[in-house]
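*Asks:* Here you go, one structure.
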């Protein structure tokens with residue numbers, strides 16, 4: 064078992080640890096659930112591929128009705144475009160002239176694939192630099208103006224601040240104004256339904272104020288895009304969002320599972336696990352071979368799947384398990400990562416298992432094509 | 064500038080962001096400082112290569128007097144051995160029979176390179192499995208018995224608990240008892256000198272009690288190995304430690320810089336930086352293109368180098384800067400990561416700059432050979 068591909072068709076028990084494993088059955092149920100939701104609510108789905116960074120999974124989502132995917136980084140767009148994903152939106156600002164040349168090259172690549180590229184902006188300077196890079200390059204780049212709907216990060220102030228940007232976009236024949244980027248990341252993780260409702264109500268009010276200001280200045284807003292796995296039913300019901308960017312629904316992490324369930328939203332299953340092994344045991348605790356080089360801890364520590372054990376941080380390479388009944392040396396322990404996006408980014412591959420974690424078979428090796436794609 | 068190698072000889076200003084950059088001048092001063100300390104105190108140096116995971120840097124440390132390197136993972140040993148690093152100690156337990164076969168294969172590889180492999184154990188079962196894997200494989204594996212000197216993770220209880228393990232090791236001609244692994248990771252990060260002194264005094268007392276128990280049972284202890292960048296002067300002065308495992312001294316992170324300085328220890332400089340760019344600015348803050356997919360935050364957020372700015376977590380791909388004077392759109396901002404080990408593990412390459420960050424030149428591209436080497 065020296066090559067990863069030797070694992071194909073083998074029992075999941077043979078997966079060396081630690082490893083990132085996808086329960087394919089659960090993932091496919093999540094995929095179908097989200098596709099059905101979008102169809103029912105007549106809203107487009109553009110899942111955020113920053114979560115999985117995989118061309119295979121991006122294409123799977125598009126085969127299940129997604130219009131395309133989002134990414135955060137130029138290099139993620141390059142990785143996915145190079146593998147045939149033809150509709151990509153960089154939902155983030157790029158201002159480096161060097162990177163903007165790369166953005167334009169991706170746009171041309173997507174044209175050749177029969178698709179399209181879009182990107183977000185939040186400054187006049189950013190629009191000008193993008194237009195400069197695109198000028199004379201025989202491509203049309205879709206541009207979304209980002210508004211800060213409460214995240215306190217990028218984006219112009221809601222209301223009329225976006226008008227000047229839209230006007231600048233419209234000055235350049237290589238650019239096309241496509242609408243508004245309006246995403247409130249922190250609202251996704253507010254625990255109670257009431258808090259999320261309140262927060263997204265403000266988001267929607269900000270979006271409407273911006274739409275009104277743009278329309279008053281003579282600019283139609285073709286699309287509003289945003290939303291995440293914590294709140295998307297609220298954006299879908301708003302009547303103003305045309306596109307949902309939720310990504311984590313595919314894998315579901317421990318953090319999202321901590322949200323109070325909103326009956327308006329469908330439920331998703333955990334589909335992403337770290338397989339780990341007990342490497343040391345003493346009277347008080349067991350130590351497993353998965354630390355935070357294996358799963359991200361920005362949103363808290365992983366949960367232990369199916370066992371009454373508490374995971375404590377044992378550093379970069381170790382996890383410490385405590386509980387009334389400790390596992391034995393050599394035992395397998397499955398973890399549910401706190402946050403899927405940065406966890407996937409730590410791994411080169413996801414091992415897709417069919418038929419359950421314990422008794423299933425390795426069916427697919429999914430490459431994390433954009434792993435480490437930071438620029 | 065589409066290939067990384069095109070950057071060689073170019074100004075550091077041309078490094079695309081975000082990127083992990085090593086100040087080669089500072090790193091080399093750290094290297095010389097540590098080599099001088101070890102020589103003066105007549106203690107061997109075996110830096111922990113889990114920090115940089117690079118064969119190039121491991122060989123550089125060995126060229127500056129290190130006897131070899133430590134790693135935490137079998138796959139790290141494989142990555143370094145495959146590139147000619149010939150003296151490796153896996154300072155961690157391995158109990159999977161599959162992985163133990165790989166450990167033995169690395170031992171044979173190191174024999175061929177004129178070097179040697181060592182590994183830690185903390186259970187009878189672990190020794191037996193290791194011996195089973197090594198039996199008849201024509202190699203001799205050095206074995207260190209790990210004792211838990213306060214970390215509360217792996218290791219047997221100090222005192223006589225190790226005797227049975229040493230006796231089991233000695234039953235197998237393919238194994239050789241080499242001494243004790245005694246590392247207290249948390250003590251490295253106690254802020255005051257007094258706390259670190261108190262903690263390491265207990266460590267040394269535990270080591271001595273274990274040495275005495277082993278000697279009483281007729282077992283000489285050839286070596287005690289351990290220590291980190293926060294406390295190594297204390298272990299070096301103890302008279303019982305023969306080998307220091309400090310690794311972070313080479314790059315120095317923000318967390319270690321937060322320790323009260325112990326006059327018994329030499330000082331080290333920050334040599335590892337994230338180069339980032341301002342991608343969005345508003346009245347209250349600036350946003351840079353480096354979030355926690357770019358630098359680990361397990362030991363806190365990065366510091367901003369040379370500017371009176373506070374870095375706030377902006378999520379996976381963004382950092383938020385606040386301060387009286389904000390940088391402008393497109394400006395370069397250099398970050399000092401909170402913790403070097405898991406930060407390096409996020410990157411495929413380190414860009415080595417000579418002549419200062421701002422005005423220097425890219426001299427070297429250092430591959431992170433063991434990036435993602437988790438098993």
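Protein chains in written order, with this note's numbering: chain A, 64 to 438; chain B, 64 to 438.
Backbone N, C-alpha and C fix where the C-beta goes; we use that ideal spot for every residue, glycine too.
Starting from residue 373 (chain A), follow its DSSP beta bridges and name the residues at the other end.
*Replies:* According to DSSP, residue 373 (chain A) bridges with A:385.
*Asks:* Mind checking whether residue 137 (chain B) and residue 167 (chain B) have CB atoms under 8 Å apart?
*Replies:* Cβ distance not < 8 Å, so residue 137 (chain B) and residue 167 (chain B) don't count as in contact.
*Asks:* Please classify residue 278 (chain B) as buried or exposed, where buried requires at least 16 other C-beta atoms within 10 Å of its C-beta.
*Replies:* With fewer than 16 Cβ atoms within 10 Å of its Cβ, residue 278 (chain B) is classed as exposed.
*Asks:* For residue 300 (chain A), which of A:325, A:409 and A:418 has the nearest alpha-carbon?
*Replies:* The shortest C-alpha separation from residue 300 (chain A) is found at A:325.
*Asks:* Excluding five sequence neighbours on each side, which residues of the same chain lie with their C-beta closer than 7 Å to the C-beta of residue 129 (chain B)?
*Replies:* Correct list, in chain order: 108, 109 and 110.
*Asks:* If you reduce the DSSP assignment to three classes, tell me which class residue 191 (chain B) lands in.
*Replies:* Reduced to three states, the DSSP call for residue 191 (chain B) is helix.
*Asks:* Any beta carbon of chain B sitting closer than 8 Å to that of residue 392 (chain A)?
*Replies:* Output row for residue 392 (chain A): interface = yes.
*Asks:* Report buried or exposed for residue 282 (chain B), applying the criterion of at least 16 other Cβ atoms within 10 angstroms of its Cβ.
*Replies:* Per the 10 Å Cβ criterion, buried.
*Asks:* Can you give the Cα-Cα distance for residue 431 (chain A) and residue 416 (chain A), rounded to whole angstroms?
*Replies:* Roughly 16 Å separates the two Cα atoms.
*Asks:* Return yes when the Cβ of residue 122 (chain B) is within less than 8 Å of the Cβ of residue 404 (chain B), no when it is not.
*Replies:* Not in contact: residue 404 (chain B) and residue 122 (chain B) (Cβ atoms no closer than 8 Å).
*Asks:* Scan the region 335-361 of chain B for residues whose Cβ lies nearer than 7 Å to a Cβ of chain A and list them as they occur along the chain.
*Replies:* Listed by position, the residues of the region 335-361 of chain B near chain A (Cβ gap below 7 Å) are 340, 342, 343, 350, 355, 356, 357, 360 and 361.
*Asks:* How far does the alpha helix (DSSP H) with residue 403 (chain B) in it reach, from first residue to last?
*Replies:* Taken as a continuous stretch (DSSP letters only), the alpha helix (DSSP H) holding residue 403 (chain B) covers 403-407.
*Asks:* Using 8 Å as the Cβ pair cut-off and three pairs as the minimum, do the region 245-263 of chain A and the region 228-236 of chain A touch?
*Replies:* Too few Cβ pairs lie closer than 8 Å, so no.
*Asks:* Considering only their Cβ atoms, is the gap separating residue 84 (chain A) from residue 370 (chain A) smaller than 8 Å?
*Replies:* No, they are not a contact pair.
*Asks:* Say whether chain A places a C-beta atom closer than 8 Å to the C-beta of residue 282 (chain B).
*Replies:* No, no contact with chain A.
*Asks:* Rounded to whole angstroms, what is the Cα-Cα separation between residue 356 (chain A) and residue 280 (chain A)?
*Replies:* Cα-Cα distance, rounded: 51 Å.
*Asks:* Just the C-alpha distance for residue 237 (chain B) and residue 126 (chain B), rounded to the nearest angstrom, thanks.
*Replies:* Cα to Cα, residue 237 (chain B) sits roughly 29 Å from residue 126 (chain B).
*Asks:* Report yes or no: is there a C-beta of chain A within less than 8 Å of the C-beta of residue 409 (chain B)?
*Replies:* True, the Cβ-Cβ gap to chain A drops below 8 Å.
*Asks:* Of all Cβ atoms in chain A, is any one closer than 8 Å to the Cβ of residue 440 (chain B)?
*Replies:* The displayed coordinates of chain B run from 64 to 438. Any statement about residue 440 (chain B) would go beyond what the structure contains.
*Asks:* Is DSSP giving residue 241 (chain A) helix, strand or coil here?
*Replies:* If DSSP states are grouped into helix, strand and coil, residue 241 (chain A) belongs with the strands.
*Asks:* Which same chain residues, not among the five before or five after residue 266 (chain A), have their C-beta less than 8 Å away from its C-beta?
*Replies:* Around residue 266 (chain A): 212, 213, 245, 247, 250, 289 and 298.
*Asks:* Where does residue 338 (chain B) fall in DSSP's three states?
*Replies:* Of the three classes helix, strand and coil, the one that applies to residue 338 (chain B) here is strand, per DSSP.
*Asks:* If we count the other Cβ atoms within 10 Å of its Cβ and call it buried at 16 or more, is residue 388 (chain A) buried or exposed?
*Replies:* Exposed is the call here.
*Asks:* So that I know if they touch, is there some Cβ in chain A lying closer than 8 Å to that of residue 133 (chain B)?
*Replies:* Not one chain A Cβ lies under 8 Å of residue 133 (chain B).
*Asks:* Going by beta carbon distance, what residues of the same chain come within less than 8 Å of residue 120 (chain B), once the five residues before and after it are set aside?
*Replies:* Counting only Cβ-Cβ distances below 8 Å, and skipping sequence neighbours, we find 112, 313 and 429.
*Asks:* What is the DSSP secondary structure of residue 165 (chain B), counted as helix, strand or coil?
*Replies:* If DSSP states are grouped into helix, strand and coil, residue 165 (chain B) belongs with the helices.
*Asks:* Based on DSSP bridge pairs, tell me the residues matched to residue 107 (chain A).
*Replies:* Paired residues: A:306.
*Asks:* Determine which residues of the region 399-431 of chain B have a Cβ less than 9 Å from any Cβ of chain A, and write them out in chain order.
*Replies:* Against chain A - using a Cβ distance shorter than 9 Å - the residues of the region 399-431 of chain B are 402, 404, 405, 408, 409, 410 and 411.
*Asks:* Does the contact criterion of 3 or more C-beta pairs under 8 Å hold for the region 217-230 of chain B versus the region 256-265 of chain B?
*Replies:* No: fewer than three Cβ pairs fall under 8 Å.
*Asks:* Tell me, please, whether the CB atom of residue 151 (chain A) is closer than 8 Å to any CB atom in chain B?
*Replies:* Not one chain B Cβ lies under 8 Å of residue 151 (chain A).
*Asks:* For the region 154-180 of chain A, enumerate the residues whose C-beta is nearer than 8 Å to any C-beta of chain B, in chain order.
*Replies:* Flagged, chain order: 155, 156, 157, 158, 159, 161 and 162.
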